[in-house]
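Here is the structure we will look at.
Encoded structure:
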């Protein structure tokens, strides 16, 4: 039998919503029987996971292309090749400036 650890949410982040968005979140929270903050936490976690998956898939695609063409890429070259794709994906997902860092460790250091 698998024992699951309880997820602790103990770091706070403040987010401002339009009144309309707050209403929408409240309706979903009522439908799921959860506080709005829990719904928001799930939504953010889902979005972050999706972005991490997108970056991983983009890296795999570039590496596959490199293997097919016989080129060897180091991480620096790979990051350069991915930057335009990441910026475009960021623009499409609400980060029009492409401000999200390519390296998750870079975000931790900031």
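Numbering (the numbering used here), first residue to last: 14 to 123.
Ideal Cβ positions, reconstructed from N, Cα and C, are used throughout, including at glycine.
These figures come from a predicted structure and were not determined experimentally.
* For residue 23, the three-state DSSP class (helix, strand or coil) -> As a working mapping, residue 23 is identified with position 10 in the chain shown. Here residue 23 sits in coil by DSSP.
* To do: With DSSP collapsed to three states, give me the class of residue 101.
  => Position 88 of the chain shown holds residue 101. Correct three-state label for residue 101: helix.
* To do: Could you spell out the range, first to last residue, of the alpha helix (DSSP H) harbouring residue 106?
  => Here residue 106 is taken as the residue at index 93 of the chain shown, counted from 1. Run containing residue 106: none; DSSP gives neither H nor E here.
* Could you pull the start and end residues of the alpha helix (DSSP H) that residue 28 belongs to? => Sequence index remark: in the chain shown, residue 28 carries index 15 (1-based). Premise fails: residue 28 is in no alpha helix (DSSP H) and is neither H nor E.
* State the Cα-Cα distance for the pair residue 74 and residue 98, rounded to the nearest angstrom. => Translated into positions along the chain shown, residue 74 becomes position 61. Translated into positions along the chain shown, residue 98 becomes position 85. Answer to the nearest angstrom: the Cα atoms are 11 Å apart.
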